[in-house]
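In the numbering used here, the protein residues as written are 2 to 381.
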């Protein structure tokens, strides 16, 4: 499943009772054929299905949405009666695990069931060393990052997780780095997108400096694919005292034209005709360690440790601060008050009290991690 900190529902690609795709053939869809789909008729724990009629959706017009409940397994813990929204099998759709700040999202459900102290989690993704990455509910793993977590409040951002960007640099081995200056900018963390969108003035200056072609008609940037191998550059973003650096070849994405690649650092757009906000996409997020606590509305960031030692997991409690973190924390907060769930969870194993870990990612583009029990998660 896609890790989506902008979604407030768990969605699953679904087939009907005859095993047919609800709108397409799974074998013909890259995401579905790679990671599979949900078959409610084969589940012994599925609940009753509710059908909603609504306007909109991918196909437009009036449509129906089906929702049922089932047991979701995270690590060794079975979480009962999680609402699942059925999603058609289409090329642009995928299964998602919802991690948004909205108080009906999955982390809040874990608090409701007494599995974690606060609606919080940390995630990391790294494909460079043994495909290590994962998601940890209710805690942080200090072995996975360098230094301390740099904490930033997103309290004023409604139900969107944002982080202030203060620096942007392109470094070449044989030359002076290009530093692009701009006022501190709030960036949305978008695990659902691979592209990163920065202020347009600095992006277009970078295109000019490094011979990257921008096309107005398509609103994409293009570059010769061979340059990802012949030019050794690093692109860095700075958040407070944390600087996240990524090899520039990771921003090259193949097109249908030989030797022509998309370049996935793009200008942000915010007007009445388009809404492509400034955002940090998966190409940077998979090199970051992120920790989010929705009780105090803080997000922490640190540089990923590519050679981590033994796990050191600390629980995120219900207070105003986060462990192993520096930031301008409030003196007090109003913690989330758990709702009474229709049922609890069965914990068959635990590695760190209330924290539930996952297993490493294995797929690119994006970072996809497998969780024991058959659930997949990732950054795409």
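C-beta: ideal position from N, C-alpha, C; glycine also.
Exercise. Alpha carbon to alpha carbon, how far is residue 302 from residue 134? Give it in angstroms, no decimals.
Key: 15 Å
Quiz item: In its own chain, which residues sit with a C-beta less than 7 Å from the C-beta of residue 12, not counting the 5 before and 5 after it?
Solution: 86, 88, 96, 97
Quiz item: Between residue 200 and the rest of its own chain, which residues show a CB-CB distance below 8 Å, the 5 nearest in sequence each way excluded?
Solution: 183, 186, 268, 269, 279
Self-check item: 6 Å CB neighbourhood of residue 50 in its chain, flanking five on each side removed
Solution: 67, 69
Quiz prompt | Per DSSP, cross-strand counterpart(s) of residue 140 | solution = 316
Self-check item: Contacts around residue 250, its chain only, beta-carbon distance under 8 Å, and the 5 residues preceding and following it disregarded
Solution: 229, 230
Quiz item: Would you say residue 164 and residue 292 are within 8 Å of each other, going by their C-beta atoms?
Solution: no
Quiz prompt | Between the CA atoms of residue 79 and residue 114 - distance to the nearest angstrom | solution = 11 Å
Quiz item: Is the segment 193–213 in contact with the segment 143–151, if contact means three or more CB pairs nearer than 8 Å?
Solution: no
Quiz item: For residue 181, which of helix, strand or coil comes out of DSSP?
Solution: strand
Quiz item: Could you give the uninterrupted runs of the alpha helix (DSSP H) lying entirely in the segment 220–303, keeping only those of 4 residues or more?
Solution: 228–231, 283–286
Practice problem: Can you give me the start and stop residues for the beta strand (DSSP E) that residue 126 sits inside? | Solution: 121–126
Practice problem: Mind checking who residue 118 pairs with in its DSSP beta bridge? | Solution: Its beta-bridge partners do not exist; DSSP assigns none.
Quiz item: Looking at residue 103 and residue 9, is the spacing between their C-beta atoms short of 8 Å?
Solution: yes
Practice problem: Taking 8 Å as the cut-off, decide whether the C-beta atoms of residue 153 and residue 241 are in contact. | Solution: yes
Quiz item: Between residue 262 and the rest of its own chain, which residues show a CB-CB distance below 8 Å, the 5 nearest in sequence each way excluded?
Solution: 223, 224, 225, 226, 229, 253, 254, 255, 256
Practice problem: Rounded to whole angstroms, what's the CA-CA distance from residue 244 to residue 237? Just pull it up for me. | Solution: 6 Å
Quiz item: residue 84 bridges to which residues according to DSSP?
Solution: 70
Quiz item: Taking Cβ to Cβ, would you say residue 151 is nearer than 8 Å to residue 317?
Solution: no
Practice problem: Take the Cβ of residue 175 as the centre, count every other Cβ of all protein chains shown within 10 Å, and call the residue buried at 16 or more, exposed below. | Solution: exposed
Practice problem: Starting from residue 207, follow the alpha helix (DSSP H) in both directions and report where the run begins and ends. | Solution: 201–210
Quiz item: If you count every other CB in all the chains shown that lies within 10 Å of the CB of residue 157, and 16 or more means buried, which is it?
Solution: exposed
Exercise. With DSSP as the reference, label residue 307 as helix, strand or coil.
Key: coil
Practice problem: Would you please state the rounded distance, in angstroms, between the beta carbons of residue 90 and residue 14? I believe it to be under 8 Å. | Solution: 5 Å
Quiz prompt | CB-CB length for residue 282 against residue 196, believed under 8 Å | solution = 5 Å
Self-check item: beta strand (DSSP E) segment containing residue 11, residue limits
Solution: 11–14
Quiz prompt | Own chain partners of residue 193 with C-beta closer than 7 Å, once the 5 adjacent residues on each side are dropped | solution = 3, 5, 7, 381
Quiz item: Beta carbon of residue 38, beta carbon of residue 27: below 8 Å?
Solution: yes
Quiz item: Under a three-way DSSP split, which group does residue 99 fall into?
Solution: strand
Self-check item: Nearest candidate by alpha-carbon position, reference residue 33, set 16, 43, 44
Solution: 16
Self-check item: Endpoints, beta strand (DSSP E) assigned at residue 107
Solution: Here residue 107 belongs to no beta strand (DSSP E); instead the alpha helix (DSSP H) covers 107–113.
Exercise. Going by CA-CA distance only, name the one from 294, 320, 246 that's closest to residue 284.
Key: 246
Quiz item: Would a C-beta distance cut-off of 8 Å place residue 149 and residue 327 closer than the cut-off?
Solution: yes
Quiz item: Which of the three DSSP states, helix, strand or coil, is assigned to residue 165?
Solution: strand
Practice problem: Would you please state the rounded distance, in angstroms, between the beta carbons of residue 331 and residue 297? I believe it to be under 8 Å. | Solution: 6 Å
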